[in-house]
Amino acid sequence: MDTLPAFYEPIDGMHIAAWQESPEGIEVIAFSSRKSAVCPQCHRRSHNKHSRYVRMLRDLPVSGKPVILVLQANKWFCLHPFSSVRVFTERFEGISSSKRNTDRLQLLLQELAFSMSAKAAERCSKASVCLQATIPFSI
Ligand SMILES: [Zn+2]
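Position 112, counted from 1, in the sequence shown is what this note's numbering calls 120; the numbers after and before it change by one each time, with no gaps.
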């Protein structure tokens, strides 16, 4: 296992466990490094882990190769009696819930779209391997 390229910036709150490079791109395997999380409903901190789940997200390219971030995140119990939430998923700065792109990749895509004509943005995205990343369904 090689060391992670220095120019890949991990997102706060996660630990990079491994990464592998193939002709199609780079897959980064990460997991949450948090020991607790704040309930989004009552804003109280929970130390009671419920379970884990895996999210797959497209991230900024590295050396022109698409990056797939495979993130093992946690679900937590909220035990506060007045909270309407019993189980919640932890949040990461830079990853919006229910999005398939990291916020920083989404920002890059929006900047491309807004700074070019639609035709130019389409040509640019097709020419750049980074924007053609797809999440493999086999994982
Ligand atoms: Zn709560």
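Even for Gly, the Cβ is constructed at its ideal location relative to N, Cα and C.
Note that the structure is predicted; figures quoted are calculated from it, not measured.
Assuming the contact rule is C-beta atoms closer than 8 Å, residue i and residue j should be a hit. Round their C-beta distance to whole Å, please.
i	j	result
Y16	V78	Between V78 and Y16 the Cβ distance is about 14 Å, and since that is not below 8 Å, they are no contact.
D111	S105	Actually they do not touch by this definition, with Cβ atoms about 11 Å apart.
So, are the CB atoms of residue i and residue j less than 7 Å apart?
i	j	result
G102	I24	no
T97	K83	yes
T21	R53	The residue you asked about is not Thr; residue 21 is Gly in the sequence shown. No, the Cβ-Cβ distance between G21 and R53 is not below 7 Å.
R63	N109	no
H55	S40	no
Could you tell me whether any non-hydrogen atom of ligand 1 is closer than 6 Å to the CB of residue i?
i	result
S91	yes
H88	yes
Q49	yes
Note down the Cα distance separating residue i from residue j, rounded to an integer number of angstroms.
i	j	result
C86	A126	45 Å
C47	I34	33 Å
R94	A81	17 Å
Y61	L120	32 Å
P89	H58	17 Å
H51	P31	44 Å
M124	Q114	16 Å
L68	S91	36 Å
E130	V36	27 Å
L116	A38	22 Å
V75	Q118	18 Å
Counting C-beta neighbours from all protein chains within 10 Å, is the total for residue i 16 or more, i.e. buried, or is it exposed?
i	result
A128	exposed
A26	exposed
Q28	exposed
I147	With a pLDDT of 35 at I147, under the threshold of 50, the predicted position of this residue should be treated as unreliable, and no value is reported.
F100	buried
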